[in-house]
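K.L.:
Top line first, the protein sequences correspond to chains D, Y, U and H. Position 328 of the first sequence, counting from 1, maps to 562 under our numbering, and the rest follow consecutively. Position 172 of the second sequence, counting from 1, maps to 406 under our numbering, and the rest follow consecutively. Position 61 of the third sequence, counting from 1, maps to 409 under our numbering, and the rest follow consecutively. Position 138 of the fourth sequence, counting from 1, maps to 486 under our numbering, and the rest follow consecutively. First, the structure itself, so that you have it in front of you.
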Amino acid sequence: MQHHPLASKVRDDFPILKREINDFPLAYLDNAATTQKPNCVIDSLLDFYSTHNSNVSRGVYTLAEEATEIYEEGRESIAKFIGATDSGNIIFTRGTTESINLVASAWAQHNLKTGDRIIVTEMEHHSNLVPWQMAAQASGAELVYWPITPEAGSTSVGLLELEELEELLTDSVKLLAVTAVSNVLGTVNPIAKIVEMAHERGIPVLVDAAQAVARMPIDVSGLDCDFLAFSGHKVYGPTGIGVLYAKKERLDEMQPFQGGGGMIRQVGRQSSTWADSPQKFEAGTPPVAEVSGLAAALEYVSDVGISEIQKHEKELTAHALNRFAEFSDLELYGPQDTCDRTGVLSFNLRNVHPHDVAQVLDESGIAVRAGHHCTQILHERLGVAASVRMSFGIYNEVSEIDRLFSSLDRARDIFLD
Amino acid sequence: MQHHPLASKVRDDFPILKREINDFPLAYLDNAATTQKPNCVIDSLLDFYSTHNSNVSRGVYTLAEEATEIYEEGRESIAKFIGATDSGNIIFTRGTTESINLVASAWAQHNLKTGDRIIVTEMEHHSNLVPWQMAAQASGAELVYWPITPEAGSTSVGLLELEELEELLTDSVKLLAVTAVSNVLGTVNPIAKIVEMAHERGIPVLVDAAQAVARMPIDVSGLDCDFLAFSGHKVYGPTGIGVLYAKKERLDEMQPFQGGGGMIRQVGRQSSTWADSPQKFEAGTPPVAEVSGLAAALEYVSDVGISEIQKHEKELTAHALNRFAEFSDLELYGPQDTCDRTGVLSFNLRNVHPHDVAQVLDESGIAVRAGHHCTQILHERLGVAASVRMSFGIYNEVSEIDRLFSSLDRARDIFLD
Amino acid sequence: MSTNSIYRDLLLDHARHPKYSGCLEHPDLKASAFNPLCGDELELTLALSGETIHDCRTQVRGCSICIASASMMSEFILERTLSEVLQISKEFSKSLRKDTEDIPETIESLRPLIDLKPHRSRIKCMRLAWDALEDCAAQHQT
Amino acid sequence: MSTNSIYRDLLLDHARHPKYSGCLEHPDLKASAFNPLCGDELELTLALSGETIHDCRTQVRGCSICIASASMMSEFILERTLSEVLQISKEFSKSLRKDTEDIPETIESLRPLIDLKPHRSRIKCMRLAWDALEDCAAQHQT
Ligand SMILES: Cc1ncc(COP(=O)(O)O)c(C=O)c1O
Ligand SMILES: Cc1ncc(COP(=O)(O)O)c(C=O)c1O
């Protein structure tokens, strides 16, 4: 068995990887859905709850000071991780979905009117589509779809072409919302170029970085994007925590999101005034323990090294692409070239339903996802209802990919006689 | 030192209570802000992340099945804890604040029009005021305040009187939002009676149970309330998790809250259809680990026994009330009788700012909160900008209350010459 | 590498060669069911004589378990009355609950499906055809 | 029971007997500051001759640290120009940051406050008067 140096270095940090599933060692290949947690993240939760737990911001006693410090230092380290110059641009949410809803509700709804357009792409996750549909319906705006490159089998599958964008960028466009990495095709989109083109026409850009943040360096200052959203649980951090980065100019245009404790300045009987950003957007007791866990996760990722992670993922992806090429009954979606994509690979085994494939793989301890992966528009475009998806994390090994391909033989045996 | 049997039984379950603050053992008396976590809650997080972690609902592999089971069983045990007959009435949120915002946005905004009224009380937390202000402003409705009983020093301070409510319940009232327990006055409101009166006029009632859930039995079926909200972190559970209970009839009237993965049925290019409740209201990856932690917390509370907890809290409260009676320079807000109140006691030391009191108490290891406790309207009514608050949990002891009163002497020494 | 599979012969037989697959041209009742988690769809068409189902077809886009379940259901419901099969559907539902242990004799023939109930994510696959059936029955009642 | 307290004599002197407390009747500049966390409020009134602050008053509803800080600030800013005190305010701000270690000599007299900076929740109390001052300076510039 071939062990990649990175994976073998980090595997011991992840307690869950010691599990056996149906008498096989767990091969966890569903990292696009959620990643596993290293000990340092679990320990940071444990440490918070057993040593510092208290509510933040409003207490003068020692524990409250400590919790507030953990919370605000978390904000700072997250800002640093994504290249934001000021932690005031970091809003904590529950996850990518809530981050995007926050923008749709606190910003877009107040800035859209009948006839306005929002550009989205055909490869967006429902979480980067439905909030815009809701904002559009409330305001009379409409969604415009930036199509992906056509024809399965052509050399450029599942890419976004900038010439197409050029055509779509009309005066009525008020926002462009695009994912940095497709959670199905694995496509890595040219975000910097996209932002540049949109900004030339004064159009703000929201980047869905849910899949990107664990796989490549993110630099919001360099990208100059207006909004960027991601989830803690997809970058080796805990559930229940997400991040919205918003530029100062956009923050200033935003109305409050939810109302309640912590986001107010003064409360009157019929109306109130708001705290400054980012508190203005963080009503209620925040997920303090989760922020501590996320900060630990990002520190872990930095220690491992984002460029190491990219290299590792590229190797795994290249290996998987080679293996796919061996089988004519496997249809792989998305770019075939490691330059255009990352380690999220969706496919179908001809004449076998994805559920059945995933079930058979599970019988050999291999965890992959089957379904539409919250991308019904994309799957419609691909002409299938569902697909099987494998997606890599820093602990995955080439041997696990090989186990998957062997187990596909079992699926063939069972379902195709 | 007098040890209450309950406190001495449970103290060892809470690792943080071993801390020393400024060379004194921690006396944690800020339980209304957030409670400490027993080992079983911390362990459930640890166990989830090191053994079962994966995304829920959409995976067929073993880990995903396990995580989904933990999540949905959590929903069931929470339903049971509050007396809901069906787990489908339980929506997971980030906390009380988000639960109330959910109702304000997904229900109230669609059911309110100009001239409609929402009854709130003068003792509400900002989280049960500001969302209604926002919904009212969006729809042209207005807030009507149910006043608390007047005159500091009168025998009935800080109570809600049902005769007053009678007058307020006019045809234009579309919702009554009331807290079960005041987070400042400690008042226990007659919720069952309130719901009954409102329902006689067909007016739905939302109960803010943030302070109640750790202090008294909750039975939504018996209460017959329409909505009930609480936070995990105030009932010995983790941060980042809250609950909204909603009646079937109300759920059927509700529009989606946030858009995204998991809450859809079918996504079209311009519009989508929604999943059934409760999924319809839970967009994005849910806080699975936190649900597991909350379920563990509620199991812990049930094991300790809610009636034991009530008894313990009553004893502590009675003791504190007696101590307050000793000092003429302490002004205690709220009911003076343990029948009307619970263990949340806010006060001021004459001529010393609450911040300074809390700071001096911290110097003796005593954690209390100073400020307006997210109740500016109430503090205005009390005629002060801020107050000091002590609030009890199951691990507090009479001796800790005595330590607080001794330390107040130090505050007198320092600030009053 | 060999493991026990949940895919047993009877189930696979039904999945590979589903009974009563397709659509009736002039059905008395018709309903579809949809699984939002995976996008699977099923259409059920029924022909009645009186209260009795005398013909049925299912058109399935779904996994082997969904197809097998539809096929087994079709065999089961033919020549039974709507109220009978509604009762069966409820019993089947109940037997799929985690805490149910005994399988009533009436639905003994559905055991190959019920045996899969530890796989909670597949319950919806098994139920899809029956959900459509319940929908048909509801239409008939109103 | 005895402990060291953060409340030292100098601070308490200022808190008990704040200098320049009250309001000027005909101020040249006036600003208030508010701490949303505790509801504390402060109003600063300044009298100028040219660019120089020749009189000032603060009206404070706040804690001892807030009062002491306003009192110390008042002593400090008298007979200085607006641009000088703005500079001082920035230095004070900087010295309150967690990672700052050295205190510039210019603000040495504010050390009793700066020493409290480990208590992060009290920073806003210390800054309230200075925030009002910065507001006054900003008004003057425009
Ligand atoms: C009565 C009451 N309602 C609502 C809240 C808000 O709860 P959370 O901050 O957990 O959303 C609190 C606690 O702060 C409270 O005491
Ligand atoms: C590209 C993309 N966007 C958004 C999301 C939503 O993230 P979450 O469910 O954590 O809110 C996901 C993950 O499911 C994703 O892959």
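Cβ coordinates follow ideal geometry from the N, Cα and C atoms, glycine included.
Identify every residue that forms a DSSP beta bridge with Y/G476.
P.N.:
In DSSP, Y/G476 forms a bridge with Y/T327, Y/S465.
K.L.:
With 16 as the cutoff for other CB atoms within 10 Å, does U/D447 come out buried or exposed?
P.N.:
Flag for U/D447 reads exposed.
K.L.:
Whose Cβ in chain U lies nearer than 9 angstroms to the Cβ of D/E395?
P.N.:
Correct list: empty, because the minimum Cβ distance to chain U is about 27 angstroms.
K.L.:
Rounded to a whole number of angstroms, what is the C-alpha to C-alpha distance between H/I354 and Y/E597?
P.N.:
Cα to Cα, H/I354 sits roughly 8 angstroms from Y/E597.
K.L.:
In chain order, what residues of the same chain have a beta carbon less than 7 angstroms from the beta carbon of D/W341, not counting five sequence neighbours either side?
P.N.:
Here the set comprises R484, E487, M488.
K.L.:
Could you tell me if the beta carbon of D/Q610 falls within a distance shorter than 7 angstroms of some heavy atom in ligand 2?
P.N.:
False, no ligand heavy atom lies under 7 angstroms from that Cβ.
K.L.:
Quick check: what's the CA-CA separation for D/K514 versus Y/K408?
P.N.:
Straight-line Cα distance between these residues: approximately 28 angstroms.
K.L.:
For H/A381, count the other beta carbons within 10 Å of its own beta carbon; 16 or more makes it buried, fewer makes it exposed. Which is it?
P.N.:
Looking at its Cβ environment, which holds 16 or more other Cβ atoms inside 10 Å, H/A381 is buried.
K.L.:
Against chain U, with Cβ distances strictly below 8 angstroms, would D/D590 count as a contact?
P.N.:
Yes, its Cβ sits closer than 8 angstroms to a Cβ of chain U.
K.L.:
Quick check: the Cα distance between D/P438 and D/A463, rounded to an integer number of angstroms?
P.N.:
Cα-Cα distance, rounded: 14 angstroms.
K.L.:
Counting only Cβ pairs nearer than 7 angstroms, list the residues of chain H close to Y/Q593.
P.N.:
Under the 7 angstroms cutoff, chain H gives I354.
K.L.:
My understanding is that D/E395 touches D/T383, with C-beta atoms under 8 angstroms, so please give their C-beta distance in whole angstroms.
P.N.:
So it is a contact: roughly 6 angstroms between Cβ atoms.
K.L.:
Skipping 5 residues on each side, what residues in its chain have a beta carbon closer than 8 angstroms to that of Y/R309?
P.N.:
If we look at Y/R309 and ignore the five residues flanking it on each side, its Cβ neighbours are S321, I324, F326, P512, V525.
K.L.:
Does any heavy atom of ligand 1 sit closer than 7 angstroms to the C-beta of Y/S465?
P.N.:
Yes, the Cβ of Y/S465 comes within 7 angstroms of a heavy atom of ligand 1.
K.L.:
For U/G370, count neighbouring C-beta atoms within 10 Å of its own C-beta (all shown protein chains included) and say buried if the count is 16 or more, exposed if not.
P.N.:
Answer is exposed; the Cβ neighbour count stays below 16.
K.L.:
Considering only heavy atoms of ligand 1, does any lie closer than 7 angstroms to the CB of Y/Q367?
P.N.:
No.
K.L.:
By Cβ distance below 7 angstroms, which residues in the same chain neighbour D/L550 in space, the five residues on each side in sequence not counted?
P.N.:
Taken in chain order, the residues that qualify are G577, F626, N630, V632, I635.
K.L.:
Taking the alpha-carbon of D/R503 as reference, which of Y/H286, Y/W366, Y/G293, Y/D281 has the nearest alpha-carbon?
P.N.:
Among Y/H286, Y/W366, Y/G293, Y/D281, the Cα nearest to that of D/R503 belongs to Y/W366.
K.L.:
Given that Y/E332 touches chain D, what residues does it touch there, using C-beta distances under 7 angstroms?
P.N.:
Within chain D, the residues near Y/E332 are Q492, G518.
K.L.:
Taking only beta-carbon positions, decide if U/S441 is within less than 8 angstroms of chain Y.
P.N.:
For U/S441, the answer is no, since every Cβ of chain Y falls outside 8 angstroms of its Cβ.
K.L.:
Taking C-alpha atoms, which residue in D/G617, D/I250, D/I600 lies nearest to D/R623?
P.N.:
Of the listed residues, the one whose Cα sits closest to D/R623 is D/I600.
K.L.:
Give a yes or no on whether the minimum CB-CB distance between Y/Y305 and chain D is below 8 angstroms.
P.N.:
It does not: the Cβ of Y/Y305 has no partner Cβ on chain D nearer than 8 angstroms.
K.L.:
Using a Cβ-Cβ cut-off of 8 angstroms, state whether U/D479 counts as contacting chain D.
P.N.:
With 8 angstroms as the cut-off, U/D479 does not count as an interface residue toward chain D.
K.L.:
Which two residues bound the contiguous alpha helix (DSSP H) that contains H/T393?
P.N.:
Unbroken run through H/T393 is the beta strand (DSSP E), 388-397; no alpha helix (DSSP H).
K.L.:
State the Cα-Cα distance for the pair Y/L363 and Y/S505, rounded to the nearest angstrom.
P.N.:
Roughly 32 angstroms between the two C-alpha positions.
K.L.:
Which of the three DSSP states is assigned to U/S380 in this structure?
P.N.:
Strand at U/S380.
K.L.:
Does the beta carbon of H/H467 sit closer than 8 angstroms to a beta carbon anywhere in chain D?
P.N.:
Interface residue, yes.
K.L.:
One question on the structure: do Y/S317 and Y/D442 come within less than 8 angstroms of each other, judged by their Cβ atoms?
P.N.:
The question names Ser, yet the displayed sequence has Gly at residue 317 of chain Y. Not a contact, by the Cβ cut-off of 8 angstroms.
K.L.:
Under 7 angstroms from any heavy atom of ligand 1, does the C-beta of U/N383 make it?
P.N.:
No - ligand 1 has no heavy atom lying nearer than 7 angstroms to the Cβ of U/N383.
K.L.:
Between the beta-carbon of U/C404 and the beta-carbon of U/C473, is there less than 8 angstroms?
P.N.:
The answer is no: Cβ separation not under 8 angstroms.
K.L.:
Report yes if the CB atom of Y/Y295 is closer than 8 angstroms to the CB atom of D/V418, and no otherwise.
P.N.:
Not a contact, by the Cβ cut-off of 8 angstroms.
K.L.:
Any beta carbon from chain U within less than 8 angstroms of Y/V294's own beta carbon?
P.N.:
Y/V294 counts as touching chain U.
K.L.:
What does H/L360 reach in chain Y if we use C-beta pairs closer than 8 angstroms?
P.N.:
Under the 8 angstroms cutoff, chain Y gives I648, F649.
K.L.:
Is D/R435 helix, strand or coil by DSSP?
P.N.:
Looking at D/R435 - three-state DSSP - the assignment turns out to be coil, as it is neither helix nor strand.
K.L.:
Given this structure, state the Cα-to-Cα distance separating U/R364 from D/T413, to the nearest angstrom.
P.N.:
If I take the Cα positions, the gap works out to 39 angstroms.
K.L.:
Determine the burial state of D/G387: buried for a count of at least 16 other Cβ atoms within 10 Å of its Cβ, exposed for fewer.
P.N.:
For D/G387, the pLDDT reaches just 49, beneath the cut-off of 50, and the residue's location in the model is therefore unreliable, although a value from the coordinates is still provided. Label assigned to D/G387: exposed.
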